[in-house]
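Single-structure report; data block below.
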Amino acid sequence: FLRMLEKGLVYKKTGTVNWDPVDQTVLANEQVIDGRGWRTGALVEKREIPMYYMAITQYADELLAALDTLPGWPERVKTMQANWIGKSTGVRLAFPYRLTDKVNSSHLPSQGEGRDGGGVSTTGLLWAFTTRPDTIMGVTFCAVAAEHPLAAYAAKKNPALAAFIDECKRGSVIEADLATMEKKGLATGFFVEHPLSGEKIEVWVGNYVLWGYGDGAVMGVPAHDERDFAFAKKYHLDIKPVIDVDNKTYSTDAWQAWYAEHGRCVNSGNYDGLDYRAAVNAIAADLAGKGLGEKQIMWRLRDWGISRQRYWGTPIPIVHCAKCGDVPVPDDQLPVVLPEDCVLDGSGNPLAKRADFVNCSCPKCGQPAKRETDTMDTFVDSSWYYTRFACADQTAAMVDERVNYWLPVDQYIGGIEHAILHLLYSRFWTKVMRDLGLVKLDEPFARLLTQGMVLNEIFFRKPDAGRVTYYNPAEIEIGLDANGKRTDTTLKADGQPVQSDGIGTMSKSKNNGVDPQSLIEEYGADTARLFMMFASAPEDTLLWNDAGVEGASRFLKRLWSYCEKFDGRRRDGGAKIAPELKKAALFEVHSVLKQANHDFERHQFNTVASAAMKMLNALDRVDGVDADMEECLGILLRILAPLTPHIAHQLWRDLGYGEDVLAAAWPAVDETALVQDEIELVLQVNGKLRGNMRVAKDADRAQIEQLAMQNVNVQKHIGGQPVKKVVVVPGRLVNVVV
RNA sequence: GCCGGGAUGGCGGAACUGGUAGACGCACGGGACUCAAAAUCCCGCGCCAGCAAUGGUGUGGGGGUUCGAUUCCCCCUCCCGGCACCA
C-alpha cells in the first residue's frame, strides 16, 4: 500500500457511498438490495466521503490485452472481464456556453482532473463523451448528472430544480438500481452551443447520468439512442434522425432496434452521405480544429475504492495530523495492529469509537494525531494470499524469490461469482507487484476452473420490527398435500410458519448452506465425494438435494463385495469364462475407459463416476477370473482413485495390485478390445427410426444400402412410394427419403 | 436494465465433431429371499393410445436451415450468477 502510494498507484479522493441517515453509517450493498429491514424505515442516501483508491485503470489496457495470454481460462470469464473493462472508442467533445450573470468560483465547484474547469470565467465548456460522434448533428439536448456544477449553477435561481437535484441525490448508488429506476429529468433553462452547428441546446439534469463515468454529462441524440429516445418521448423533446440505414423509413412513433445501427449520415450538412468511419473521422477533425473535441478511448473500468468502514480489514497505515496532513506510517512502525476486543454492534465502524486506537502521535512532527480508522477491502488480501503460500515462513519481506519458482498457480479453482472482481483484482495486483519488483510474473493463475454455484432454498422470518432472521433448510419442515404439492413451510423448532425467499447461492448471510460433515459422518468421505461429483459437472450450477446419496453408498458397497467375491474366485482357481461374455466385458470396459479419459480432461467428473458404475456392471456380468478380468478390475480401481481415494487405495492394496493406487500408471485403452466383427446400423425412413440391422464391420456402401432396402420395416414405411434419396452414414445409420 | 450462463422423464443428469434422446443413478411399481422387516438380487419405468405387436408424440415457447436438430440460425419466456461497500 505504501509503495503504491509513493508511485501514485494509491491516491485519495471522495467517493460516493450508500448512506444510512438514521444510523449515520455506510450501508453495505446487501442492506440496500435486500431492503428487508436491516435498518427499518431507513432511507438510502448518497454521500461523498474521502476514500483511498487503487489505480487499476492505469492497467486497463494490459488487463484487457493479456486476456489473450490465458488459454487455460474459460471463455465466459474472459468475456465477462473484457466487458467489465469495457474499452470504447469515441470522441470527447465540448459544448461552449456563456454564463448569463456574474458568478464567483464558489458557484462552480472544482470539477476534478480532466473536467470542465469552468471556474471564475463567464464562458465555459460542457464536456461529454460519445461513442457515436457520427450522430452529433442529431443532438437535441444535453443531460448532466445531479452532481454536475452546471446543475448546481442553474439551481441557484430555480427552487424546483434544486429540489429535483436533491431528490437525485437520494437513492442507491448501485448500478443495478440506477439502471432499473425510472428515467427522470428536469430542464435547467440553461443553454449551451452545439460545437459544430452553433445551435442552442438546452441542458437537462437527468437522474440516469452518472457523475462517476466520463464527464458526468451526455449529449442527447433521441433518434439513435434508445435511452435518449425514451427520455425525449417523455419530455416531448425533438427527435432528429441523422442516420439512414438501408433506406428504411424512420418513424418517431416507437423505438426500433435498427435506429441504433450504423449507416450513412443524412440531414447532417457537410457530413451527408458519409458512412460511420468517414463521419467519425471528419467530425473528430472538425472538432479538433475548433479545439472542441478529440478522439478518445474511454474505459468502463473505474479505479478501485478500497476504504471500508469495517473492523475486519487490513488497517490503512495512515495517520492524520492537523499540521502535516495525511502521513504514512513509517515501515518500522508497521504493522498497524487492530484492537482485538472491539464490540461489533452493527452501527458504524467500531474502530472509530476506540480512542486507544485512534489517538496517536504524528510520525513526522510528533504532535497528537488521529489514526485512520478505515480498513482495506478484504479483496485486497485475497488479491495476493497465494503468493504467501509459496513463502509462508518469510517474516522479513512481503514475498521472496520462491514465489517465482512456484507461481503462477497451475490450477486455480473458485466459484463463478468471482469471475470479475476477485479474479480481476488479483490480476491487477500481480502486475503491480511485478512493477514494484516483488515478483517476476505477469499473471497469477495459469488455468482456471470456475465452479458453478450450489443453490439451496432460502427461508426467513421478518418480524414487524428488527432484522430478518434466516433459517437453514435443515431446520424447516415442508408440508405436502396428496399430489406432492407444497402446502406450508414451518420451523421444526416451534411449528410456526416461515417464508421462502426462493432459490439462491449458499451463503452465510442467507443461512442456506449445507455442512458436508453430516454426510461424511453418516456415509464416509468417499461416499460424500462420489455423491457430490456424480450430481453434476463442476462448472454447472446445482440445486442442492441429498436424495441421491444412497446410490453412491450402494455403489461403493457393491464394489467392495464384488472385490471380495473376486478374491474368493481367485483362490478357488477361477471358473472358465465364456468367450463372448468376456469379449463383451472387455469391449465395455475399454470403450467406457476411452470416454472416461475424455471426461477427465474436460473436468466432467459426473460421467467419470458413471463410467466406473458401468464398468462394475460389465464386470459383474462375468463370473470368473483370469488375467483380462484382473486387468479390467485394475482399470476400474485406478479411475476411481481420484474420486474415492480411500476405498480405491485399500482395495488396490488388498487385491495385491500394488502399494499405492495413485502412484500407478494411468490405464491405456486397448484398441483391439474395441474392434467388433459386426456393427449395428439404425434404419430410418424420412428421418424417423424404423428399425435396425447388423452388418459386417467392413460392409461397403452398396451392400449396406441393399440390405437396408430389403428390411421389412423399411419396406413397410416406404409403402411403394418412389425413393428419392438414400443417406448412408458409415457406422451409424441409413436414412431412406421418400 | 446491462453483461455472463442455463432450461432435457417424478428427480440429478447423459448424448464427445448435426445421426437410435433419456446413458449412469435416485425415486417409484412388480417379483425373489425372509415368520416379518431391513439389506441384497431380478424385472419394469418419458407421455398418449393399445392385451400386445405397434403407432403417435416428445429436449422451456415460436419460427427457420437440413435427408435428419437437445446440438446450427432468428425471435421470445423464465431461472441462476455478476453489476464495483456481502466478500
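Just add 623 to wherever you are in the first sequence, counting from 1, and you've got my numbering.
Don't be surprised by glycine CBs; every beta carbon is placed ideally from N, CA and C.
Fair warning: this is a prediction, and the values are worked out from it, not measured in the lab.
Residue 1134 is bridged by DSSP to nothing; it lacks a bridge partner. Residue 720 sits buried, since 16 or more C-beta atoms from the chains shown fall within 10 Å of its C-beta. Here residue 1279 is exposed. Its C-beta has fewer than 16 other C-beta atoms within 10 Å. For the stretch 1037-1114, the full-length beta strand (DSSP E) segments reaching 3 residues or more read 1068-1074, 1077-1084, 1092-1094, 1099-1103 and 1109-1114 along the chain. Straight-line measurement puts the Cα of residue 795 at about 47 Å from the Cα of residue 1145. Every beta strand (DSSP E) of 3 residues or more that sits fully in the stretch 906-981 is shown, in chain order, as 916-922, 941-944 and 948-951.
Judged by beta-carbon spacing, residue 687 lies beyond the 8 Å limit of residue 718, meaning their Cβ atoms are not closer than that value. Using a C-beta cut-off of 8 Å, the stretch 1061-1076 makes contact with the stretch 1031-1040, since at least three inter-stretch Cβ pairs fall below that distance. Under the 8 Å Cβ criterion, the stretch 1015-1024 does not count as touching the stretch 984-1000, having fewer than three qualifying pairs.
Here residue 1007 carries a coil assignment [DSSP, helix/strand/coil]. As a beta-bridge residue in DSSP terms, residue 716 pairs with 751 and 916.
About 45 Å separates the Cβ atoms of residue 1274 and residue 1357, ruling out a contact at the 8 Å cut-off.
Between residue 762 and residue 817 a beta carbon distance of about 6 Å is seen, short of the 8 Å cut, so the two are scored as contacting. Per DSSP, the beta-bridge partners of residue 827 are 766 and 810.
A direct Cα-Cα distance of roughly 13 Å separates residue 1075 from residue 1226. In the structure shown, residue 1345 falls within a coil segment according to DSSP collapsed to helix, strand and coil. Taking the C-beta atoms as reference points, residue 1066 is found nearer than 8 Å to residue 693.
The straight-line gap separating the alpha-carbon atoms of residue 1039 and residue 698 is approximately 12 Å. In the DSSP annotation of this structure, the continuous segment of the beta strand (DSSP E) that includes residue 643 starts and ends at 633-643. Contact holds between the stretch 823-842 and the stretch 751-771, because three or more Cβ pairs, one in each stretch, are under 8 Å apart.
Here residue 682 is not near residue 929, since their CB atoms are 8 Å or more apart. Of the candidates 976, 956, 955 and 1201, the residue whose Cα lies closest to the Cα of residue 965 is 976. The three-state reading of DSSP puts residue 879 in coil, since its state is none of H, G, I, E or B. Within a 10 Å sphere around the beta-carbon of residue 715 sit 16 or more other beta-carbons, which makes this residue buried.
Counting only runs that start and end inside the stretch 668-703, the beta strand (DSSP E) elements of at least 3 residues fall at 668-677. With fewer than 16 other Cβ atoms from the protein chains shown falling within 10 Å of its own Cβ, residue 984 counts as exposed. In this structure residue 802 is not in contact with residue 849, their Cβ atoms being roughly 13 Å apart against a cut-off of 8 Å.
When 1178, 933 and 841 are compared, the shortest CA-CA separation from residue 1243 is found for 1178.
For the options 703, 1064, 1057 and 1138, the alpha carbon positioned closest to that of residue 1096 is the one of 1138.
Among the bridge pairs identified by DSSP, residue 867 is matched with 887. By the criterion of a C-beta distance shorter than 6 Å, residue 1215 is surrounded in its chain by 1234, 1237 and 1238, once the five residues flanking it on both sides are discounted. With three or more CB-CB distances shorter than 8 Å, the stretch 697-713 counts as touching the stretch 917-937.
Taking C-beta separations shorter than 8 Å and ignoring five residues to either side along the sequence, the partners of residue 885 in its chain run 757, 866, 868, 898 and 899, following chain order. Counting other Cβ atoms within 10 Å of its Cβ, residue 759 reaches 16 or more and is therefore classed as buried. For residue 1128, the enclosing beta strand (DSSP E) begins and ends at 1122-1128. A Cβ-Cβ separation of about 6 Å places residue 1055 in contact with residue 627 under the 8 Å criterion.
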